[in-house]
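Residue numbers (my numbering), protein chains in the order written: chain A, 4 to 221; chain B, 4 to 221. We put the beta carbon where it would ideally sit given N, CA and C, even for glycine.
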DNA sequence: ATACCAACCAACCGGTTGGTCTGTTAATAT
DNA sequence: ATATTAACAGACCAACCGGTTGGTTGGTAT
């Protein structure tokens, strides 16, 4: 019953683990807004509620914090990929599952696409290692290869079509403030309905973009 | 025969118009690398060959230069849109023409996608006015609406599918350094063959992503 | 109780960067 | 020729920002 009855629980103050987590959350937002270069350590500290020094105490330097943010994001995505049914006999269903799970991950964290765009453009992918990119793309490439070879998909290049499919999924999140004017004023691009609409459209377009034209009956 | 025989030609030195052009070119590269925030005026000046002061002399401030770069990019794209056949009786062909001309524009200037991404994420689209976005997207939205209503396309939402289509086209250019590791080492993502491959794939996937499934031979 | 250390803060430092100020030189008109 | 002005250069500044330093405080083991 007492606040510190359990051995491990620390009473909220002086909790290093919790502080690191809060810094990571704030940093994710800030890096999404400005990338490694444009993010301000002061801004991260302000959002977190601790002093700027804590960033350097816990993560070494700005770059260390950045890598920690990237690492966490990749790990989370890889975790949900492993929980998804991607080896279904129907490659169409496998593709549908992959894209659907990807888009649900994104809707839970709309900042991630921006962070990875920054990583590619600003840092030329320096911190987004070969291993990370492969682990994120390989399952999708594999599905496309299987579908292409079995004839269930059109004769698409697996790598190019994989990249294009990811692009179709994430562009919306990276361009919200550019394209928001296309919708009637007051429309909130991150509202539940809009997010769901985008997911439906992206899944349907994705599948249709590679699916073989319907075989003449029989 | 003399170097300054023609009235209009200025001998290369003290040519304000040419200097502005060179600054714009250098700025486009630099803004593509870091956005309005991350671009360094010194770097732009260095690439141009003139002093940093010239930027402020010709464009007022960093923001003025940035707006000039955006303006020029939008104008050029609008110009080619107007030269493209987008009102063909076949909406499929109209769509194909739009995407193809878009991708050919991009291959001539791979920096543009990054600039517009930065604009949306960093500046929240402040300088990418409602007018600009509309003039760039409206023709595509129109094609999708026509195709959807006539039944030649599936029952897609014109706005969402338009955004997704653009995403499929530009993602490759914005993520080159992230996804380059997917291809065998040494592959140049900006080589003529890769660019052409990407354009073919993007056009085919785009059309397939909205095209109605083939009617039973009737 | 008290010694100890991880967790934290406030003040400060040095390099970077957008922008300015003072001048200088090349073209042009008269 | 010479006055005028647009097109340039270079030195400089104030603000900003990543990172450091020295010191403080709260939990904890003995």
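Helix, strand or coil at residue i according to DSSP, with G and I counted as helix
i: residue 174 of chain A; result: helix
i: residue 156 of chain B; result: strand
i: residue 109 of chain B; result: helix
i: residue 12 of chain A; result: Confidence at residue 12 of chain A is low in this model, with a pLDDT of 38, below 50, so its placement is unreliable and the value that follows should be read with caution. Residue state, collapsed to three classes: coil.
i: residue 131 of chain A; result: coil
i: residue 1 of chain A; result: This structure cannot settle anything about residue 1 of chain A, because the visible part of chain A is limited to 4 through 221.
i: residue 55 of chain B; result: helix
i: residue 141 of chain A; result: helix
i: residue 86 of chain B; result: coil
i: residue 181 of chain B; result: helix
i: residue 151 of chain B; result: helix
i: residue 93 of chain B; result: coil
i: residue 28 of chain A; result: helix
i: residue 125 of chain A; result: coil
i: residue 43 of chain B; result: coil
i: residue 100 of chain B; result: helix
i: residue 116 of chain B; result: helix
i: residue 189 of chain B; result: coil
i: residue 23 of chain B; result: helix
i: residue 63 of chain B; result: coil
i: residue 78 of chain A; result: helix
i: residue 17 of chain B; result: coil
Residue(s) in a DSSP beta bridge with residue i
i: residue 214 of chain B; result: B:156
Residue burial classification, residue i (beta-carbon count within 10 angstroms, cutoff 16)
i: residue 36 of chain A; result: buried
i: residue 10 of chain B; result: Any answer about residue 10 of chain B is weak, because its pLDDT of 31 lies below 50 and its placement is not dependable; what the coordinates show is given next. That one is exposed.
i: residue 13 of chain B; result: Only weak support is given to the placement of residue 13 of chain B: the predicted model assigns it a pLDDT of 37, under 50, and the value that follows is read from those uncertain coordinates. Classification of residue 13 of chain B: exposed, given that the 10 Å Cβ count is below 16.
i: residue 111 of chain A; result: exposed
i: residue 216 of chain B; result: exposed
i: residue 17 of chain A; result: exposed
i: residue 107 of chain B; result: exposed
i: residue 187 of chain B; result: exposed
i: residue 183 of chain A; result: buried
i: residue 154 of chain A; result: exposed
i: residue 135 of chain A; result: buried
i: residue 90 of chain A; result: exposed
i: residue 150 of chain A; result: buried
i: residue 125 of chain B; result: buried
Could you tell me whether the segment 29-36 of chain A touches the segment 52-72 of chain A, where touching means 3 or more Cβ pairs closer than 8 Å?
yes
Between the segment 191-203 of chain A and the segment 124-132 of chain A, do three or more beta carbon pairs fall short of 8 Å?
no
Would you call the segment 140-149 of chain A in contact with the segment 75-94 of chain A, where contact means no fewer than 3 C-beta pairs closer than 8 Å?
yes
Three Cβ pairs or more, each shorter than 8 Å: is that satisfied between the segment 171-179 of chain B and the segment 113-123 of chain B?
yes
Within the chosen definition, does the segment 75-92 of chain A reach the segment 58-65 of chain A through at least 3 CB pairs nearer than 8 Å?
no
Any contact between the segment 45-58 of chain B and the segment 36-53 of chain A? By contact I mean 3 or more CB pairs, one from each, below 8 Å.
no
Validate contact between the segment 194-212 of chain A and the segment 152-168 of chain B using beta carbons, cut 8 Å, 3 pairs:
yes
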